[in-house]
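Numbering (the numbering used here), first residue to last: 284 to 649.
In what follows, a single structure is set out as structure tokens and then discussed.
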């Protein structure tokens, strides 16, 4: 080998050594992952914790910026840790630093569905800081390394309780099974519940099935219960609606039947109630009708009875009202006769005196 080739070989060896040293921070990470779940049962949709232990045995410290747990089948994120990293500044926060030790970082997330029968296969990705000048020159400040070829397995149950399933499913052998309710059933808290009713036959005779519930029927007085419904009573005119049945009326003599009930007669003063009707009073001539009875008239002596009432007598001359009738008054006639005779005598005397006076005047003139 000539001198020139020896020099090239030496420089290439130095370059390889520097490259290895410069990439020491992106070497394979020694890690292990465990998980913990509520009551040691990892159930889909619940929260789990993953404990990621990272070891560093060399003289170079490992600065972990982020840890990602990735679903091995659909590459979706399961859980992650992410620190604030600003190279060559003092503004970085929460960086996971390991130097000649083993540290554990706990991250949490929601357990996804199992992707391999009853297990969840996932792999980790680590992003570590790179601070060598050679990398900075190329604007490389971090390296992300994934271990998809070595996936972790986590047993995942679809359910433990019914509440882990959809509203129309229930948990059976740690799997959600869809409910298939029968007619007249509905979904209630992950089970099939019976409606109170779907037809009247499921209700009492005094109830009807309405909106899947037995509703108490309130029939009117003119209705009766039949076949879970209110039916009209066809009572005859002389029957009353009592206790949802037809009952024959027993009206008293002073009542009459109206609208299936007994109504008291409103007889006038000259009528009386008898056999469910008003009958006109047949009072005698000397009686009058008052308050539905015949009462005796008590007329004055100068009144007479006419049309069941007292009316004043209209007696003619020489007649006087006596005991409710007009009779001839002899005393008055005698009195008038005497008075007439006296008047005639007086008139006669006057005539005689006049004649005598005229005769005397005549004799005196001669």
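Every residue gets a Cβ at the ideal spot worked out from N, C-alpha and C, and that includes glycine.
Per DSSP, cross-strand counterpart(s) of residue i
i           : result
residue 496 : 493
residue 332 : 319, 391
residue 339 : 384
residue 514 : 507
residue 554 : 563
residue 545 : 540
residue 345 : 381
Rounded straight-line distance, which links the Cα of residue j to that of residue i
i           : j           : result
residue 356 : residue 461 : 26 Å
residue 598 : residue 610 : 8 Å
residue 485 : residue 459 : 33 Å
residue 514 : residue 523 : 16 Å
residue 582 : residue 588 : 7 Å
residue 482 : residue 492 : 6 Å
residue 497 : residue 503 : 19 Å
residue 585 : residue 569 : 15 Å
residue 468 : residue 450 : 14 Å
residue 402 : residue 323 : 14 Å
residue 350 : residue 321 : 23 Å
residue 365 : residue 348 : 6 Å
residue 330 : residue 380 : 26 Å
residue 627 : residue 635 : 12 Å
residue 391 : residue 472 : 29 Å
residue 625 : residue 642 : 26 Å
residue 409 : residue 452 : 39 Å
residue 633 : residue 617 : 24 Å
residue 429 : residue 354 : 12 Å
residue 650 : residue 533 : In the structure as shown, the chain starts at 284 and stops at 649, and residue 650 therefore has no counterpart that could be examined.
residue 432 : residue 425 : 22 Å
residue 466 : residue 499 : 23 Å
residue 577 : residue 567 : 8 Å
Under 7 Å between C-beta atoms of residue i and residue j
i           : j           : result
residue 456 : residue 389 : no
residue 591 : residue 571 : yes
residue 517 : residue 540 : no
residue 326 : residue 447 : yes
residue 548 : residue 561 : yes
residue 437 : residue 318 : yes
residue 405 : residue 352 : yes
residue 545 : residue 554 : no
residue 705 : residue 557 : Outside the displayed span of the chain (284 to 649) sits residue 705, for which this structure offers no information.
residue 382 : residue 344 : yes
residue 338 : residue 387 : no
residue 336 : residue 315 : yes
Reduced DSSP secondary structure (H/G/I, E/B, other) of residue i
i           : result
residue 508 : strand
residue 580 : coil
residue 585 : coil
residue 641 : helix
residue 597 : coil
residue 618 : helix
residue 540 : strand
residue 528 : strand
residue 485 : helix
residue 636 : helix
residue 647 : helix
residue 629 : helix
residue 592 : coil
residue 519 : coil
residue 326 : strand
residue 623 : helix
residue 569 : coil
residue 610 : strand
residue 408 : strand
residue 422 : coil
residue 304 : The pLDDT assigned to residue 304 is 39, lower than 50, so where the model puts this residue is not dependable; a value taken from the coordinates is nonetheless given after this. Three-state DSSP puts residue 304 in a helix.
residue 310 : Because residue 310 sits at a pLDDT of 48, beneath the cut-off of 50, its placement in the model cannot be relied upon, and the following sentence gives the value as read from the coordinates. Residue 310 falls in the coil class under three-state DSSP.
residue 399 : strand
heavy atom of the ligand SAM below 6 Å from residue i C-beta
i           : result
residue 446 : The ligand SAM is not among the ligands present in this structure, which contains no ligands whatsoever.
Report the start-end ranges of each beta strand (DSSP E) in the stretch 425-480 that is 3 residues or longer and not cut off at the edges.
425-429, 435-438, 452-455, 458-461, 468-470, 475-477
Only counting runs of 3 or more residues, tell me where the beta strand (DSSP E) segments fall wholly within the stretch 348-378, in order along the chain.
360-365
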